[in-house]
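Peer 1: Residue numbering for the sequence shown follows the numbering used here, starting at 17 and increasing by one per position. Beta carbons: idealized from backbone N, C-alpha and C, even for Gly. Please read all numbers here as calculations on a predicted model, not as lab measurements.
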Amino acid sequence: MLAPTEKTATAIDPVALRRAFGTFLTGVTVITTRDTDGAPRGMTANSFTSVSLDPPLLLVCVGKSAHSYDAFNSSDSFAVNLLHEAQTDVSNLFASKAANKFDTVNHDRIHTGAPVLTDCLTWFDCSVHSRVDAGDHLVLIGEVQAFGTSPSAPLGFCRGRYANVKDPLPPGWLESHGMIVGYLIEADGNLLLRSDGKGGWVLPSAKRRIADKELKLDGGDALTLVPDDTFLYSVFDVSDRDPGYLIYRARLAQEAASQPLSAGLRFFPIDQLPYDQIPTREISSMLRRYARESASKRFGIYMDSDDGGRLAMVGDAQPWANLPQI
Ligand SMILES: Cc1cc2nc3c(=O)[nH]c(=O)nc-3n(C[C@H](O)[C@H](O)[C@H](O)COP(=O)(O)O)c2cc1C
């Protein structure tokens, strides 16, 4: 009689098994690290699993035949970049054997130094917690050191094909995550800020995102915006003590320029923003970057953080119509 392992080995057809595994609907990630020369390395992987919240652990499985296996096996850090629905090209690139995968894909160092893709759905920057040898794969368990996320729709994968995931942001998601929806509202080189009543200036906020051209701010003011010119600028989570921020950039419609504003609202020239009176350091640093980018009319996608910590970014400026509506 065959020993159980031999029996298993002969009974299981790997091609059929791969097909059966492939019926599990997953997201798609690009896992990245640096080789011993410091060069960025990466591959598409859907074997990502969240493992533990305390400590914060996740895992991915790296095939031993992958060209980047040695890099993942020897590095003490790696990043997992979850892809959004418009990134099938990035997935295909990182699933290839191309030698220059990072030539056309922007990436940043955030915390550990592992390459974090500038544009992605969500990223986790990890130190290696442990490695488990598992057949033809290495199970790489990471401890999350920093992460960021965006409200884009995820890219899905099932039965060897990309799948669309509808409705990524269920109604009430922002509220349940305690996120502040802030607005960068520009008018003729000026930016609208709201007094916090304590000598500081904050971004005007609204209860929710809207698709039409009227924006109702918290506090009661209703502003008329240039239609189809609102885009998601930044999403970030500053610290445990503060809620996260979801920040849109919008332009005031010409006809609304003479509209009276309530006392707490004031337009400041973008090149003279009152940085010293902005109480949240991350907002102040975001405004500095916004002012730089506004001057060049080229909006970037990643926001600097002094501590390299828990800061997220979003993808390219997206037309309103492409965003999932809630
Ligand atoms: C959607 C998708 C998911 C994948 N998931 C994994 C995975 O979890 N682990 C793995 O080792 N390879 C996975 N691959 C295959 C690798 O991306 C592929 O072998 C790649 O060429 C490896 O790159 P490298 O050889 O340059 O390291 C996946 C491919 C695709 C398209």
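What residue does the alpha helix (DSSP H) around D86 start on, and which one ends it?
Peer 2: As a working mapping, residue 86 is identified with position 70 in the sequence shown. D86 -> alpha helix (DSSP H) spans 85 to 90.
Peer 1: Along the alpha helix (DSSP H) that carries V106, what are the first and last residues, could you check?
Peer 2: Counting from one through the sequence shown, the residue named residue 106 turns up at place 90. Where V106 is concerned, the enclosing alpha helix (DSSP H) stretches over 104 to 110.
Peer 1: Around the C-beta of A115, are 16 or more other C-beta atoms found within 10 angstroms, so that it is buried, or is it exposed?
Peer 2: By 1-based counting over the sequence shown, the position of residue 115 is 99. It counts as exposed.
Peer 1: Report the rounded CA-to-CA distance for G176 versus H145, giving the unit in angstroms.
Peer 2: By 1-based counting over the sequence shown, the position of residue 176 is 160. By 1-based counting over the sequence shown, the position of residue 145 is 129. Between G176 and H145, the C-alpha separation is close to 30 angstroms.
Peer 1: Which residues does DSSP list as the beta-bridge partners of R305?
Peer 2: Numbered from 1 along the sequence shown, position 289 holds the residue referred to as residue 305. In the DSSP output, where bridge partners are listed per residue, R305 has none listed.
Peer 1: Taking the C-alpha atoms as reference points, what is the distance between Q103 and A179?
Peer 2: Here residue 103 refers to the residue found at position 87 of the sequence shown. Here residue 179 refers to the residue found at position 163 of the sequence shown. Whole-angstrom Cα-Cα distance: 12 angstroms.
Peer 1: Find out if the Cβ-Cβ distance for the pair G215, S278 is shorter than 8 angstroms.
Peer 2: Within the sequence shown, residue 215 is the residue found at index 199, counting from 1. Within the sequence shown, residue 278 is the residue found at index 262, counting from 1. It is not a contact, given that the beta carbons lie outside the stated cut-off.
Peer 1: Using DSSP's beta-bridge definition, name the partner residues of A203.
Peer 2: Taking the first residue of the sequence shown as 1, we reach residue 203 at position 187. N206, per the DSSP bridge assignment.
Peer 1: Terminal residues of the continuous beta strand (DSSP E) containing V155?
Peer 2: In the sequence shown, counting from the first residue as 1, residue 155 sits at position 139. Looking at the DSSP string, the run of the beta strand (DSSP E) that includes V155 is 153 to 165.
Peer 1: Under the DSSP definition of a beta bridge, which residues are partnered with M10?
Peer 2: The displayed coordinates of the chain run from 17 to 342. Any statement about residue 10 would go beyond what the structure contains.
Peer 1: If you count every other CB in all the chains shown that lies within 10 Å of the CB of K117, and 16 or more means buried, which is it?
Peer 2: Sequence index remark: in the sequence shown, residue 117 carries index 101 (1-based). Buried: at least 16 other Cβ atoms inside 10 Å.
Peer 1: Can you have a look at D70 and say buried or exposed, based on whether 16 or more other CB atoms are within 10 angstroms of its CB?
Peer 2: As a first step, residue 70 must be located in the sequence shown, where it is residue number 54. Looking at its Cβ environment, which holds fewer than 16 other Cβ atoms inside 10 Å, D70 is exposed.
Peer 1: Can you tell me where the alpha helix (DSSP H) holding P30 begins and where it ends?
Peer 2: Counted from its first residue, the sequence shown places residue 30 at position 14. P30 -> alpha helix (DSSP H) spans 30 to 37.
Peer 1: Since S143 is in the beta strand (DSSP E), which residue starts that stretch and which ends it?
Peer 2: Stepping through the sequence shown from its first residue, residue 143 is reached at position 127. From DSSP, the beta strand (DSSP E) with S143 extends over 138 to 150.
Peer 1: Closest by CA to P167, which one among Y261, S68, D292?
Peer 2: Against the sequence shown, residue 167 aligns to sequence position 151. Answer by Cα proximity: Y261.
Peer 1: Where does A114 sit, in a helix, a strand or coil, going by DSSP?
Peer 2: The count along the sequence shown starts at 1 and reaches residue 114 at position 98. A114: coil per DSSP, three-state reduction.
Peer 1: Closest to D212 by CA distance: which of A162, R282, A169, A273 is it?
Peer 2: Along the sequence shown, one-based indexing puts residue 212 at 196. Of A162, R282, A169, A273, the residue nearest in Cα terms is R282.
Peer 1: Beta-carbon separation of R57 and T49 under 8 angstroms?
Peer 2: Position 41 of the sequence shown, counted from the start, is the residue given in the question as residue 57. Position 33 of the sequence shown, counted from the start, is the residue given in the question as residue 49. Yes; because the gap between Cβ atoms is below 8 angstroms, this pair is in contact.
Peer 1: Is it right to say N62 is buried, meaning 16 or more other beta carbons lie within 10 angstroms of its own, or is it exposed?
Peer 2: Locating residue 62 in the sequence shown gives position 46, where the first residue counts as 1. Counting Cβ neighbours within 10 Å, N62 comes out buried, since at least 16 surround it.
Peer 1: Please classify I299: does DSSP put it in a helix, a strand, or coil?
Peer 2: Taking the first residue of the sequence shown as 1, we reach residue 299 at position 283. DSSP places I299 in helix when its eight states are reduced to three.
Peer 1: Bridge partners of N65, per DSSP?
Peer 2: Stepping through the sequence shown from its first residue, residue 65 is reached at position 49. This sequence places Thr at residue 65; Asn is not what is there. Beta-bridge pairing links T65 to L75.
Peer 1: Compute the Euclidean distance between the alpha carbons of L289 and A203, then round it to the nearest angstrom.
Peer 2: Working through the sequence shown from its first residue, we reach residue 289 at position 273. Working through the sequence shown from its first residue, we reach residue 203 at position 187. Spanning the two alpha carbons is a distance of roughly 14 angstroms.
Peer 1: Report the residue from D92, I201, L207 whose alpha carbon sits nearest the alpha carbon of E159.
Peer 2: As a first step, residue 159 must be located in the sequence shown, where it is residue number 143. When only C-alpha atoms are compared, the closest one is D92.
Peer 1: Only counting the same chain, and skipping five residues up and downstream in sequence, which positions put a Cβ closer than 6 angstroms to that of V148?
Peer 2: The sequence position of residue 148 within the sequence shown is 132, counting from 1. Contacts found: V155.
Peer 1: In its own chain, which residues sit with a C-beta less than 7 angstroms from the C-beta of S66, not counting the 5 before and 5 after it?
Peer 2: By 1-based counting over the sequence shown, the position of residue 66 is 50. Excluding residues within five positions, the ones whose Cβ falls inside 7 angstroms are L74.
Peer 1: Less than 8 angstroms separating the beta-carbons of D51 and A87?
Peer 2: Locating residue 51 in the sequence shown gives position 35, counting from the first residue. Locating residue 87 in the sequence shown gives position 71, counting from the first residue. Closer than 8 angstroms, so yes.
Peer 1: Does ligand 1 have even one heavy atom less than 7 angstroms from the beta-carbon of S90?
Peer 2: Taking the sequence shown and counting its residues from 1, the one referred to as residue 90 is at position 74. No; taking the cut-off as 7 angstroms, the Cβ of S90 has no heavy atom of ligand 1 nearer than that.
Peer 1: So what does DSSP say about S93, is it helix, strand or coil?
Peer 2: In the sequence shown, the residue the question calls residue 93 occupies position 77. Of the three classes helix, strand and coil, the one that applies to S93 here is strand, per DSSP.
Peer 1: Taking the alpha carbon of Y130 as the point to measure from, which residue in P276, I47, I294 has its own alpha carbon closest?
Peer 2: Here the question's residue 130 lines up with position 114 in the sequence shown. Here the sequence assigns Ala to residue 130, which means Tyr is not the residue at that position. Of the candidates P276, I47, I294, the one whose C-alpha sits nearest the C-alpha of A130 is I47.
Peer 1: Using a threshold of 7 angstroms, is the CB atom of G43 nearer than that to any non-hydrogen atom of ligand 1?
Peer 2: Indexing the sequence shown from 1 puts residue 43 at position 27. Incorrect: G43 has no Cβ contact closer than 7 angstroms to ligand 1.
Peer 1: Within a Cβ cutoff of 8 angstroms, which residues of the same chain sit near T39, ignoring the five residues on either side of it in sequence?
Peer 2: Here residue 39 refers to the residue found at position 23 when the sequence shown is read from its first residue. Closer than 8 angstroms at the Cβ level, and outside the excluded window around T39, lie C174, R175.
Peer 1: Suppose you measure from the CA of S312 to the CA of N206; what does that come to, to the nearest Å?
Peer 2: The count along the sequence shown starts at 1 and reaches residue 312 at position 296. The count along the sequence shown starts at 1 and reaches residue 206 at position 190. Cα to Cα, the separation comes out at about 15 angstroms.
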